Structure formats: C-alpha cells, structure tokens
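See structure below.
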Amino acid sequence: SYTIEMGPKGPQWKESPQPFSCSVEDPTKQTKFKGIKTYISYRVTPSHTGRPVYRRYKHFDWLYNRLLHKFTVISVPHLPEKQATGRFEEDFIEKRKRRLVLWMDHMTSHPVLSQYEGFEHFLMCADDKQWKLGKRRAEKDEMVGAHFMLTFQIPNEHQDLQDVEERVDSFKSFAKKMDDSVMQLTHVASELVRKHLGGFRKEFQRLGNAFQSISQAFMLDPPHSSEALNNAISH
30 SYTIEMGPKG
40 PQWKESPQPF
50 SCSVEDPTKQ
60 TKFKGIKTYI
70 SYRVTPSHTG
80 RPVYRRYKHF
90 DWLYNRLLHK
100 FTVISVPHLP
110 EKQATGRFEE
120 DFIEKRKRRL
130 VLWMDHMTSH
140 PVLSQYEGFE
150 HFLMCADDKQ
160 WKLGKRRAEK
170 DEMVGAHFML
180 TFQIPNEHQD
190 LQDVEERVDS
200 FKSFAKKMDD
210 SVMQLTHVAS
220 ELVRKHLGGF
230 RKEFQRLGNA
240 FQSISQAFML
250 DPPHSSEALN
260 NAISH
C-alpha cells in the first residue's frame, strides 16, 4: 500500500521509511550465443544492500514499461532512447550511462516508485531463474491503472469538499497551462534548432571568420600583442 498524508501545502505521498540510493557503473560489452549477440551490461548497486546486480538496457526498459503500466497517475521520466547503430561507441555508452544514473536517481528518490515491488526485484535479484519468476509476477499484477488507487491509505482528517474542489480546479488549470506552454516551448526550440542548422550556421561562421581576422591583425603587432587575448579571440 502507498500512504498519502497531509503536508503543509496539502496532500502528499508519505516519504519512504528506508530511503536509499543506487549507482549505475562500469558499462561493459558482453556476448552470448558464442559471440553472435553482443550487448552492454551495467553494474547496479543499491546502497541499502551493497550487493551489485548486472542489468542490460532491456532490463531497464522492462522496468520502465512496468512503471508506466502500474503508476498511471505518476509521471515516470523517459529512459534514454534506444539506438540501433553506434551503440557500442564509447561516447554513446558513456552518455547513456550518465542518463541512466539520472533516471535511477529519480526512481530512488521518489516516495512511491522507490517502493514498487518490481523495482525491488530489478535491484536485488541476481539469479536468472528467480528473475524470470519475479518478472512474471510483476506482469500479472492486477493493481494497475485505476485499480492502483485501491492500494492508497488516505488521511483520516475530514476534508472540506469546497476546498478539495478548488484545489482540483486549480490543478486542472495549472496542468493545462503547463501542457500548452511545454508544447509551445518545444515548437519554438525545434524551429530555433532548424534555423541554427541552416541559415544561422552560415552567419555564425561569417562572424567567426571576422573574429579570426581581428586576431590575425593583433598578431602583426608583436611588441604590444597578447597571445592569451589572440587565442581567446580566435578560439
């Protein structure tokens, strides 16, 4: 069950009684089926057990989809995107690891997501057979979607109906405004990226050439020129 309590700003999830963190480290290329299949594994170590388990991206993806399926009223951040080509290049591997670390930090700090049984299974199960059993158990969970709300433990305090309705209306207005604003920001940012890749790119190149020319001019006056300044201008 998941407990909702009354905080100074209204209803909130009760904090996890046993907060913990989790590291994602050491991305390593592995093979199976005598080298036919290649993948990257990550060492995942929860602070409250200290025992590492090794997970592939597909395991993170499985957990992500379980979270989406069960917690429809909670925002679950996206995993870093899957990539078909170039996924074994060092830059890509390091970038994905950093994003998985951020994703894991969010999971462990969330008072509800961090207590999900499927998440605990992901963090602690090191046996292949037990992994499959726990995976099936999580996939058969019936307390998903609207049924998830049946697992709530709610405050005993009397709630004023008018106050509750005002809070709900206020949140609806906020959610709509935020959704519209994010869509607008995404559109404007996409347009800006497109322009910078096109016409703006050439303009910035012209500006760079102009600064380069100034740097070259300063270099023609050795007694008074500054190497550090020239390097900064021509960088």
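Take the position in the sequence shown, starting the count at 1, then add 29; the result is the number in the numbering used here. Ideal Cβ placement from N, Cα and C applies to all residues, glycine included. Given the structure is predicted, the values throughout are model-derived calculations rather than measurements.
Legend entry - Continuous alpha helix (DSSP H) stretch holding Asp-55: start and end: The sequence position of residue 55 within the sequence shown is 26, counting from 1. Element bounds for Asp-55: not the alpha helix (DSSP H) but the beta strand (DSSP E), 51-61.
Inset, instruction - Report the residue from Ile-103, Ile-183, Glu-54, Pro-106 whose alpha carbon sits nearest the alpha carbon of Lys-124. - result: Along the sequence shown, read from residue 1 onward, the residue named residue 124 stands at position 95. Cα-wise, what sits closest to Lys-124 is Glu-54.
Legend entry - Range of the contiguous beta strand (DSSP E) that encloses Lys-43: The residue you call residue 43 lines up with position 14 of the sequence shown. Taken as a continuous stretch (DSSP letters only), Lys-43 belongs to no beta strand (DSSP E), as it is neither H nor E.
Legend entry - Minimum length 3: unbroken beta strand (DSSP E) runs contained in the stretch 77-144: 82-85
Inset, instruction - Pull up the distance between the alpha-carbon of Ser-244 and that of Thr-60, whole angstroms please. - result: As a first step, residue 244 must be located in the sequence shown, where it is residue number 215. As a first step, residue 60 must be located in the sequence shown, where it is residue number 31. Computed Cα separation, rounded: 52 Å.
Inset, instruction - Please determine if the stretch 208-226 and the stretch 60-70 are in contact, where contact requires at least 3 C-beta pairs separated by less than 8 Å. - result: no
Legend entry - From Thr-180, Asn-238, Lys-224, Arg-85, residue whose alpha carbon lies closest to that of Ile-122: Within the sequence shown, the letter at position 93 stands for residue 122. When each option's Cα is compared against that of Ile-122, the closest is Arg-85.
Legend entry - Test item: CB-CB of Val-173 and His-77 under 8 Å: The residue you call residue 173 lines up with position 144 of the sequence shown. The residue you call residue 77 lines up with position 48 of the sequence shown. Not closer than 8 Å, so no.
Inset, instruction - State the start and end residues of the unbroken alpha helix (DSSP H) segment that holds Ile-243. - result: Walking along the sequence shown from the start, residue 243 turns up at place 214. Here the alpha helix (DSSP H) through Ile-243 covers 228-248.
Inset, instruction - Determine the closest residue to Gly-36 out of Ser-30, Glu-232, Pro-184, Ser-219, with distance taken between C-alpha atoms. - result: What you label residue 36 is simply residue 7 of the sequence shown in a count that begins at 1. Ranking Ser-30, Glu-232, Pro-184, Ser-219 by Cα distance to Gly-36 puts Pro-184 first.
Inset, instruction - Sort Pro-140, Lys-201, Pro-106 by Cα distance to Pro-46 and report the nearest one. - result: Locating residue 46 in the sequence shown gives position 17, where the first residue counts as 1. It is Pro-140.
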